[in-house]
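Have a look at the structure below, then the notes.
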Amino acid sequence: MSLIDLLERGYFPKELPTQFCSTSFAQVLCSSNTLPVDFIPTSPNDYKHLKLAKATKYSHARGGLLRRPLSICNPLAFYRLARELDQEWSMLAPSLQGTPLSATNPVSTSSGRAILGSKPQSMRPSLAIETRLNNRFILITDISRFYQSIYTHSIAWAIHTKPVAKENRGMTYIGNRIDALVRSGQDGQTVGIPIGPDTSLILAEILMQACDRELLSKLPNIRGYRFIDDYELGFRTRNEAENAFHILESILSGYELALNPRKTMIKELPFRLEASWAAPIRSFTIRSKPCGQATDLIAYFDLASELDKKYPDEAVLQFAVGRLRSIEVAPENWRLFQLLLLGLVVPDPALLPFVLEAINSRANKGAIPAYDEIGEALNTIILEHSNLGHSSEVVWSLWASIALNIKLSEAVSVALSICDDSCVALCALHCQSCGLLKGQLDTTLWSSYMTTSALYEEHWLLSYEANIKNWLPSNSRKDHVNADPYFSFLKTNSVSFYEAQRVMPATQTSPLPVPQPTIPPIFYAGASGGYIQNDENETEDERAY
Numbered sequence: 136m137s138l139i140d141l142l143e144r145g146y147f148p149k150e151l152p153t154q155f156c157s158t159s160f161a162q163v164l165c166s167s168n169t170l171p172v173d174f175i176p177t178s179p180n181d182y183k184h185l186k187l188a189k190a191t192k193y194s195h196a197r198g199g200l201l202r203r204p205l206s207i208c209n210p211l212a213f214y215r216l217a218r219e220l221d222q223e224w225s226m227l228a229p230s231l232q233g234t235p236l237s238a239t240n241p242v243s244t245s246s247g248r249a250i251l252g253s254k255p256q257s258m259r260p261s262l263a264i265e266t267r268l269n270n271r272f273i274l275i276t277d278i279s280r281f282y283q284s285i286y287t288h289s290i291a292w293a294i295h296t297k298p299v300a301k302e303n304r305g306m307t308y309i310g311n312r313i314d315a316l317v318r319s320g321q322d323g324q325t326v327g328i329p330i331g332p333d334t335s336l337i338l339a340e341i342l343m344q345a346c347d348r349e350l351l352s353k354l355p356n357i358r359g360y361r362f363i364d365d366y367e368l369g370f371r372t373r374n375e376a377e378n379a380f381h382i383l384e385s386i387l388s389g390y391e392l393a394l395n396p397r398k399t400m401i402k403e404l405p406f407r408l409e410a411s412w413a414a415p416i417r418s419f420t421i422r423s424k425p426c427g428q429a430t431d432l433i434a435y436f437d438l439a440s441e442l443d444k445k446y447p448d449e450a451v452l453q454f455a456v457g458r459l460r461s462i463e464v465a466p467e468n469w470r471l472f473q474l475l476l477l478g479l480v481v482p483d484p485a486l487l488p489f490v491l492e493a494i495n496s497r498a499n500k501g502a503i504p505a506y507d508e509i510g511e512a513l514n515t516i517i518l519e520h521s522n523l524g525h526s527s528e529v530v531w532s533l534w535a536s537i538a539l540n541i542k543l544s545e546a547v548s549v550a551l552s553i554c555d556d557s558c559v560a561l562c563a564l565h566c567q568s569c570g571l572l573k574g575q576l577d578t579t580l581w582s583s584y585m586t587t588s589a590l591y592e593e594h595w596l597l598s599y600e601a602n603i604k605n606w607l608p609s610n611s612r613k614d615h616v617n618a619d620p621y622f623s624f625l626k627t628n629s630v631s632f633y634e635a636q637r638v639m640p641a642t643q644t645s646p647l648p649v650p651q652p653t654i655p656p657i658f659y660a661g662a663s664g665g666y667i668q669n670d671e672n673e674t675e676d677e678r679a680y
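Here the sequence shown stands for residues 136 to 680, where the numbers follow our numbering.
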């Protein structure tokens, strides 16, 4: 594992637009020979007195009423944890060597995310087929609110065993150091780890592989697999499956974890591998000739909408929009195509990144976007979601405003001004600097975070970035970032976490940037009869909360 990769490609949650970037952070921290004093702990005693910080929150829309709370870790806390994991990787190897059940053993990559699970979600069908061989019953279960419920002390239990860790609480033990570093990044809290950074996959696997090994010690002939916290295990009889459930439940309780009763079931084979709604969408033919294509596009969106109503808890529309990537839209149908897509985003704003990608990828090739209709949709989404704390809907709308050079209404400026969200605030200030807001932002709320203490609170990202970009003044006569030894070091070295130049307004000579949301090529039958979207290292439990 490379520290620079973890800082650059494993820091921000993948769901954010591309202007949220940690490249300069990684380069500076990994190349500097003169870090500020106390930037990193150098003795066991230092771990007991780490400066506490909070993460910036980002509420991501899953679709429907479900959301996922993501975290953008404070850079000081994240660097310390990432550095510890990197330096002690060889010591952690026994805890991360993988198990016969683990499909998400963390591995380093050369592109994309810094750390991924050893097997992609697209392998779930083949793993399920192997699990079902010579069995009659399948135990399907996962952990309730997994990342949010992890007890940080249990990381040390998983590495050293619970009795050893409880007997030895000193910082000479790697598990205790990791525990202290994790807690320092969440204001000292012992419950939960962040959803979003790649470090959390590493921590999750340390814990879950320990559970795997205990389960295998008691049921050595068990066949099945685990994706992070999501188990599927095969058995000859229902009694064997029930016994395994109770054993697994007992093992997890020893680490302060609990199985999710809503998603736990024993199913008798055979049952489907793929969602019943996926096949008609995948097999739908869209003709290339303009007249026939127009008819087919309307029928395709009708089919997708009907299936979405029938399966409201599944990602039907994301799958349907993703499948359109390969369709060559006739020029005569370009406007129709855009209107059909835009008709989906107000009812389901979780589709906005996917719809923007479908439009922008074709605009990159010279097609002219439907600016007026897109602008109407963006204004509507922002007005509806800015006061609800819905980060992703508003952030992606502001991204599109900048990327497509679309002006937003005065009412939007008023709505944005009372949005207590760092990511939204930065995108709104960026929009204003580009002259894309008809009204003037009232920055009273955001200006209250321009203090030195706020650099370690939830709005650290806004407090730092608005300062270095001169978008908001400090709350005192002195520059509040310069007053802090750690953040002043980042500022002096031109570290930025919001790179405005990565969202350039569209021109005839400059293609539009394209977001990279994950589009699922296949859906796999998971717990409760639901279906799991193919998104790297993402379980149904992660998407549900």
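Backbone N, C-alpha and C define an ideal beta-carbon position, used for all residues, glycine too.
On a predicted model such as this, the values are computed, not experimentally measured, just so you know.
By the Cβ criterion, the segment 186 to 197 is in contact with the segment 579 to 593, since at least three pairs of Cβ atoms, one from each stretch, lie closer than 8 Å.
A Cβ-Cβ separation of about 12 Å leaves residue 544 out of contact with residue 566 under the 8 Å criterion.
If the five residues before and after residue 347 are omitted, its C-beta is found closer than 7 Å to the C-beta atoms of 234, 236, 237 and 361, all from its own chain and listed in chain order. Secondary structure of residue 486 (DSSP, three-state): helix. The three-state secondary structure of residue 136, taken from DSSP, is coil. Distance from residue 211 to residue 193 at the Cβ level is roughly 19 Å; contact not present, criterion being Cβ atoms closer than 8 Å. At the C-beta level, residue 342 and residue 357 stay beyond 8 Å of one another. The continuous alpha helix (DSSP H) containing residue 627 extends over residues 620 to 627. Note on geometry: alpha-carbon atoms of residue 546 and residue 583 lie some 22 Å from one another. In this structure, the CA atom of residue 320 is about 12 Å from the CA atom of residue 335. Between residue 221 and residue 274, the CB-CB gap reaches or exceeds 8 Å. Taken in chain order, the complete alpha helix (DSSP H) segments of 4 or more residues contained in the segment 382 to 436 are 413 to 418. The distance from the Cβ of residue 380 to that of residue 276 is about 7 Å, consistent with a contact at the 8 Å cut-off. Assignment of beta-bridge partners to residue 365 by DSSP yields 277 and 362.
As for any alpha helix (DSSP H) of minimum length 4 sitting wholly inside the segment 472 to 544, the runs are 487 to 498, 506 to 520 and 526 to 539, ordered along the chain. The distance from the Cβ of residue 542 to that of residue 571 is about 5 Å, consistent with a contact at the 8 Å cut-off. Contact between residue 227 and residue 240 does not hold, since their C-beta atoms are separated by about 12 Å, which reaches or exceeds 8 Å. With respect to residue 465, residue 415 sits apart: the two C-beta atoms are not nearer than 8 Å. By alpha-carbon distance to residue 318, the top candidate from 560, 354 and 216 is 216.
With a cutoff of 8 Å on beta-carbon distance, residue 404 and residue 419 are scored as not near each other. In this structure, the alpha-carbon of residue 148 lies about 18 Å from that of residue 137. C-alpha of residue 526 to C-alpha of residue 391: approximately 31 Å in a straight line. With contacts defined by Cβ atoms closer than 8 Å, residue 152 and residue 534 form a contacting pair.
Taking residue 577 as the centre and dropping the five residues before and after it, the same chain places the C-beta of 552 closer than 6 Å to its C-beta, in chain order.
By the 16-neighbour rule on beta-carbons within 10 angstroms, residue 598 is buried. Three or more pairs of CB atoms, one per stretch, sit closer than 8 Å, so the segment 393 to 400 contacts the segment 278 to 298. With contact defined as three or more Cβ pairs closer than 8 Å, the segment 443 to 457 and the segment 480 to 488 are in contact. For residue 342, the enclosing alpha helix (DSSP H) covers residues 333 to 353. Within a 10 Å sphere around the beta-carbon of residue 201 sit fewer than 16 other beta-carbons, which makes this residue exposed. The continuous beta strand (DSSP E) containing residue 195 extends over residues 191 to 198. Taking C-beta separations shorter than 6 Å and ignoring five residues to either side along the sequence, the partners of residue 446 in its chain run 412, following chain order. The C-beta distance from residue 371 to residue 514 rounds to 59 Å, too long to meet the 8 Å contact threshold.
Residue 145 places its beta carbon 8 Å or farther from that of residue 218. Look at the segment 146 to 205 and you find these whole runs of beta strand (DSSP E), each 3 residues long or longer: 191 to 198. For residue 462, the three-state secondary structure derived from DSSP is coil. When the beta-carbon positions are compared, residue 521 and residue 554 come within less than 8 Å of each other.
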